[in-house]
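Please read the structure below before turning to the comments.
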Amino acid sequence: MIITDTSANTNYISTVPSSRMLRCDHENDTPTQHDIRTATMRHKIHSPIADESPPILPDDIVVAILLRLPVRSLLQFRCVCKSWKTLISDPQFAENQLQLFTVNPTIAHQHLSSSTVTRTCKIVSFPVKPLFANPSSPVAPISVDMNGRYHILGSCNGLLCLYEFQLGCVRLWNPSTRLMSKTFAVIDDIVIRCYGFGYDPVNHKYKVLVVMSDCNEPATKLYAFGENSWKTIQDFPGTPPTGPGKHVNGTLNWFPTEEGFDCNQWVILTFDLVKETYGKLSLPKQDNGGSIFNPVLDVLSNCLCVCFDHSGTLWLMKQYGVTESWTKLMIIPRGDGWQATYQRSFRPLCILENGIILGKTPCSGLVRYDTNTELLASSMLSQFGTKGPSDDSKGVVILEGDPDNVLRCWFLLI
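Just so you know, the sequence shown maps onto residues 5 to 418 in the numbering used here.
Written out as structure tokens, the structure is:
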């Protein structure tokens, strides 16, 4: 047993001997307090740092450590002291943590899909890293039952934007902490044709955009969480797109509804969450020109990416808004059987620095593609029903940071 006795000028580190070495009042009694103090003084050791104060970490180091902790730990650490509670509750702390996770290449990646017809859904979470280390080993998923109450409008920085069918309101939900936002926005119970959710990095607000259709003309509305009402904004130029927008760099992005067959006619429609204005982006130039069928727009490593079914190519826009920054990332080799199936509608989920890409196809579930060896491999995750959504579902792909700062995938099973 170790006892530390600290006085004003002396620090003692004392070892208390066993009871056989101490006098007892009776045979079965414990040593007296006098004997313990006497034995303690015999083993007194003078510390060379007796006159020094206990080491205290500088505030900037404490902040740097806390910024790298998962949200669940931070919620607990708010109870340590008032200064930590004030620090962790400061919006600037959350902003700094967000910036840190944004530039961290090991942040989480997620994939979700939800059905607007059946309204039944179940989120399954599983670690992604084991898929790259040992793809043949099964992983244990973690399930979250959403009870069919919500439709997912999008995800950003690990937060889900949910539309609650019964109440007609929009709310934020953190899957890691299971916390739901108290602030919600009610919209009319009409058909939502187009939607998107993202973060305004200038005004530090999460915003959701919806294009609603009723008997009259479509109406485009925008809501910033923290405000009290929706506001009507300018409609999309031309026919508005359908489905979810992809959030990249403070913008939402869609393919247009009209399907052109000339590659020069295809563009990406954009909405700037800061300026609240529309725009267009050009697609990468094809090597041999020709037609484009069923292009897929997604986000990979915080960059916009496009997959072309007809050629099995994946392009990455490394600098948002700069057409010249389109880079050909991979070409899925043409082949028969299962390789031909993988080439069709391949959707990337996440990529590691070693060049391995985890993706999915509607028919084959999850696959791994090594850009160095150009080899495809199936994944054990097909056992969890993680194949693509059915024809009556809308897909939402999330490739942004999880507050737990753990590389994970989320699937919403239909």
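For every residue, glycine included, the Cβ atom is placed at its ideal position computed from N, Cα and C.
Taken atom to atom, the span from the alpha-carbon of Gly283 to that of Gln96 is near 30 Å.
Annotation: the continuous alpha helix (DSSP H) that includes Ile92 extends over 86-93. A distance below 6 Å between beta-carbons, with the five flanking residues on each side excluded, links Ile92 to the following residues of its chain, in chain order: Leu78, Arg82. Residue state for Glu231 is assigned as strand, using DSSP reduced to three classes. Residue state for Leu70 is assigned as helix, using DSSP reduced to three classes. As the crow flies, the alpha-carbon of Leu176 is around 33 Å from that of Gly359.
Nearest to Asn161 by alpha-carbon distance, out of Ser305, Asn232, Gln80, is Ser305. Beta bridge pairing from DSSP links Thr236 with Lys225. Thr274 is bridged by DSSP to Asn257, Gly283. One alpha carbon belongs to Leu166, the other to Thr236, and they sit about 20 Å apart. Burial is judged here by how many other beta carbons sit within 10 angstroms of a residue's own beta carbon; Cys85 has fewer than 16 and is exposed.
Considering only Lys322, Lys279, Ile272, the residue with the shortest C-alpha distance to Pro299 is Ile272. In the structure shown, the three-state DSSP call for Phe81 is helix.
Secondary structure at Ser329: helix, using DSSP grouped into helix, strand and coil. Taken through DSSP and simplified to helix, strand or coil, Ile65 comes out as helix.
Taking 9 Å as the cut-off, the Cβ atoms of Lys250 and Phe229 do not count as close.
The C-beta of Met184 has fewer than 16 other C-beta atoms within 10 Å across all chains shown, which makes the residue exposed. Assigned with DSSP and collapsed to three states, Phe169 falls in coil, not helix or strand.
Per DSSP, Gly359 has no beta bridge partner at all. Rounded to whole angstroms, the gap between the alpha carbons of Asn100 and Lys209 is 14 Å. Inter-residue distance for Gly158 and Val214 is about 11 Å (C-alpha atoms, whole angstroms). Listed as beta-bridge partners of Phe97 by DSSP are no residues whatsoever. The criterion of a C-beta distance shorter than 9 Å is not satisfied by Cys309 and Tyr324.
With contacts defined by Cβ atoms closer than 9 Å, Asn257 and Leu320 do not form a contacting pair. The C-beta separation of Arg351 from Lys364 comes to about 5 Å, placing the pair in contact by the 8 Å criterion. The continuous beta strand (DSSP E) containing Gly202 extends over residues 195-204.
Looking at the DSSP output, Val303 sits in a beta bridge with Leu308.
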